[in-house]
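All letters in the sequence shown, in the order written, are residues 4 to 720 by this note's numbering.
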Amino acid sequence: MTSIWYGSEMGFLQSLNWWRKLSFGVIYIPFVPFFCAAYIIAPNSKASAVMRCPVIKFVTHTASHICFLILLAAATFRLTENSVHISSTEELTSTQHTHLPHHERAHSLLKETLRPANTLLTHVQICIVFWILGLLWMECKQIYNTGARSYLTDYYNFMDFGVLSMYLASYLLRFITDFRVQEADRYFNGTQRARMLLMAGNYTDFNYLLAQIKSKQHEPKNYFMEASRFHWKPNDPEIVSDVLFAIANVISFARTTYLMPAFEVLGPLQISLGRMVGDITRFMVLFALVLFAFMVGLHNLYWYYGAQKFKMSLNGQSVYVHAAGAFQGLGHTFYSLFWSMFSQININEISVKTPDVEGRTGKEPVEKSTAIVESVGMCLFGIYHVVIIIVLINMLIAMMSHSFEDIQGDCDVEWKFARTKLWMNYMDDGSTLPVPFNMIPTPKSFLYAWAFCKELFNPHSEGLFDIERARKQTFIKKRRDTVCKNLELKTEETSYTDIMHRLVKRYLFKLERAKDEKENVKDIANVRGEEIELFETPPDGPPPVPETPSRIPYATPPIPEHEDTETKMPARSAPHTNKKTGTRSVNRRTSVSNSGPIATTLAIPQLDAIQRQQKLLDVRLQHLQSNTRENNKMMDDVDFIRRLMTENQKALFNIIQALANIQTEIVNLAQCLRPPSPKAHTKQGSTQSRGGQSNSTNTSSNSAQPRRQSKEDESKV
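Shown next, in the form of structure tokens:
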């Protein structure tokens, strides 16, 4: 996978250090536009082959995303605009801004007084629009190539869809606002006249022009001439556009976490963050339930006091305050409960403020009237803090720490899996050019469009089905087809469910084999223990049997090259000296154990080779098992077909016999229903006379037979 990722063109990067790779990326990024132009003009050149390399595609797309974030930052901080703000003619003539030229001061005053003077679509905004259109085109191509079902399985695609939707809505509202502003400016012709008056220094006429444009008699046409946002409506299209743009910017910067699995240090953190987001989502269900319960309870308790307002002296001034400011309504109750988790609500705001009642010497009766409400409110507020802060938040911390520990336990495997998943997105064909160069039509695009139309309108093809099968040729599928074609193997279409079934079977097979190996080791240990018990034990007792590991290392003990003769002699003389005592096997085992522990570890390359061979054997065994199952199934099908054919033959034979019987019956019935001819009557008469004579002879013969039988009976008697 690593060799495919770097490719033959960029294979030298695989052996470089991280700082050299970083230097190569910094040097390569300024030349990206030239490589993109070479790819558009000559798709089969060497530069185009470099652009199609997966690692180069990753670098170019990352650089494009960073440029997009820089443009967003420039648009947010308004780096292209002047920071001087002049809102009146008095500030224009003051000595504070004398260092600025007169035209800059006049332009700043126009921007602060008239809305058409503000440029909604700057050069940075136009660049962002092109970037957004390029991202939208990339998402459309991804949906077309992978399919909607596969597209919706990645939550980053949901993030991209939401971001692009908000950006498109934001700039659509900006275009609508700009159109309405220009329309109002053409109606009043205010910007041009105001600029001329300011440049001429006629500030009195300028103020009169502003008062005339903003007079109430010109409402609502003069709404889009007001520059101060304090006089705009809450749902002004420009305000809504800024809101959508702000939310989309937050998600765009958070989208950068998609690139973190490419780095070994940041990859596990990104995986842990994803798991924690799942924990937070599950936690929010219980948190919302508890928050809603206390919000409804406290609102029912304080609804009357939250709606009451009275005059109160504060710092020598009379102000109107609410009796229960923290619980004015359902919205304020929600805000108070939410921010109280972060200690942003003072406990004094829970108490009910009471007005001064005339005709009473003190406030005791008034305080007693709200004593029960305040007591119950304090109890509910305290229980809320106990449940939320002590129970739920600590439970969330435990869940997040558990997820982090799970990731850290298998961080290397998890990170490599996430990195491979990221690499696969760049190994597929297509999406070579980064944004916004992908919107430029290339000759390859015209060829694809021509092939699409030709295949679509071809009467001998299946139409869209062939096109869909062709566009779903991903990198893995193409590589598998190539390998199967070279090895002359039969390829079968597999689904996600089939792959999961195979993985589960492989896991169960390995688990069963490990269990069998563990049982075999235990049996061997038990047999050795039984053999030892048959003989006399030495005074020190037998050596302890080590615990069998859960995973047996496949290794052979190293054989020493040189052995001392002194260690060999006791082993040879042991059978002669211990024949009578019967401790031959014990001494032999103790001599082996005293010689030192047997090395059962291998070097890492040998262990990797053995594991690879073991995996290959597992795969071959699974193939053999699947082939035997298929062969047995085919034999059962053949036997069933044979039985079915014999039954069909029997049924067919019975049908033929039935048809023959029906045919004879039909012939007999036809002969019976045929009308007799006159010759047949004469013949019938003669036959009847002959039949009478024959009947008489038959009766005579029949009468003679009993006589003969009676005579025979008498002779027997």
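C-beta atoms are modelled at their ideal positions from N, C-alpha and C, and glycine is treated no differently.
Please state whether DSSP places residue i in a helix, a strand or coil.
i	result
Glu352	helix
Leu124	coil
Leu647	helix
Lys144	helix
Met344	coil
Met13	coil
Met54	helix
Met4	coil
Ser18	helix
Lys653	helix
Phe460	coil
Asn434	Here residue 434 is Ser; the residue named in the question, Asn, does not match the sequence. Of the three classes helix, strand and coil, the one that applies to Ser434 here is coil, per DSSP.
Lys447	helix
Lys314	strand
Glu229	strand
Ile613	helix
Val87	coil
Gln331	coil
Give the range of the beta strand (DSSP E) segment to which residue i is assigned.
i	result
Gln320	320-325
Can you list, in chain order, the residues of its chain with a C-beta nearer than 7 Å to that of residue i? Leave out the 5 residues immediately preceding and following it.
i	result
Phe384	Ile353
Tyr429	Pro57, Lys60, Phe61
Phe290	Leu395
Met344	Ile391, Ile392
Lys314	Ser321, Tyr323
Asn210	Thr92
Ile443	Ile43
Ser406	Ser275, Arg278, Met279, Asp282
Lys236	none
Ser372	none
Roughly how far, in whole angstroms, is the beta-carbon of residue i from the beta-carbon of residue j, given that I think they are within contact range, below 8 Å?
i	j	result
Arg422	Pro264	5 Å
Pro271	Glu408	With a Cβ gap of about 12 Å, Pro271 and Glu408 do not count as contacting.
Ser275	Ile410	5 Å
His325	Gln311	7 Å
Met54	Thr435	5 Å
Ala52	Glu12	6 Å
Glu93	His100	So it is not a contact: roughly 11 Å between Cβ atoms.
Leu113	Ala197	6 Å
Leu75	Ser255	6 Å
Leu124	Asp181	6 Å
Over the uninterrupted alpha helix (DSSP H) stretch that includes residue i, give me the two end residues.
i	result
Ile59	57-80
Ala197	193-203
Ile30	21-31
Tyr305	270-310
Glu107	105-116
Met263	Segment: none, Met263 is in no alpha helix (DSSP H) and carries neither H nor E.
Ser378	374-388
Ile250	240-257
Gly412	396-412
Tyr206	206-216
Thr96	92-96
Ala40	35-44
Arg152	151-154
Once you ignore the five residues that flank residue i on each side, which residues in its own chain have a CB closer than 6 Å to its CB?
i	result
Leu103	none
Val438	Ser67, Trp134, Gly137, Leu138
Ala721	The structure shown does not extend to residue 721, since the chain is modelled only from 4 through 720, so no value can be given for it.
Phe71	Trp134
Gln331	Gly309, His325
Phe440	Cys39
Among the residues of its own chain, which have a CB less than 8 Å from the CB of residue i, if the five just before and after it don't count?
i	result
Thr65	Leu262
Asn318	none
Val376	Leu304, Tyr305, Tyr308, Val355
Leu171	Ile135, Leu139
Leu19	Phe27
- Query: Does the region 234-247 come close enough to the region 124-140 to have 3 or more Cβ pairs within less than 8 Å?
  - Reply: With a cut-off of 8 Å, the region 124-140 and the region 234-247 do not count as touching, because too few Cβ pairs lie within range.
- Report yes or no: do the region 217-231 and the region 176-193 share at least 3 C-beta pairs separated by less than 8 Å? Taking 8 Å as the limit for Cβ pairs, the verdict is that the region 176-193 does touch the region 217-231.
- On the three-pair Cβ rule with 8 Å, is the region 291-299 touching the region 333-342? Contact between the region 291-299 and the region 333-342 is established, with three or more Cβ pairs separated by less than 8 Å.
- Message: Would you call the region 500-513 in contact with the region 619-635, where contact means no fewer than 3 C-beta pairs closer than 8 Å?
- Response: The region 500-513 vs the region 619-635: in contact.
- Task: Report yes or no: do three or more beta-carbon pairs, one from the region 93-113 and one from the region 158-175, lie closer than 8 Å?
- Result: Because the criterion of three Cβ pairs below 8 Å is not met, the region 93-113 and the region 158-175 do not touch.
- Is it true that the region 198-217 meets the region 25-35, where meeting means three or more beta-carbon pairs spaced less than 8 Å apart? No contact exists between the region 198-217 and the region 25-35.
- Message: Across the region 165-180 and the region 453-460, are there enough close Cβ pairs to call them in contact, namely three or more that are closer than 8 Å?
- Response: Verdict: no, contact absent.
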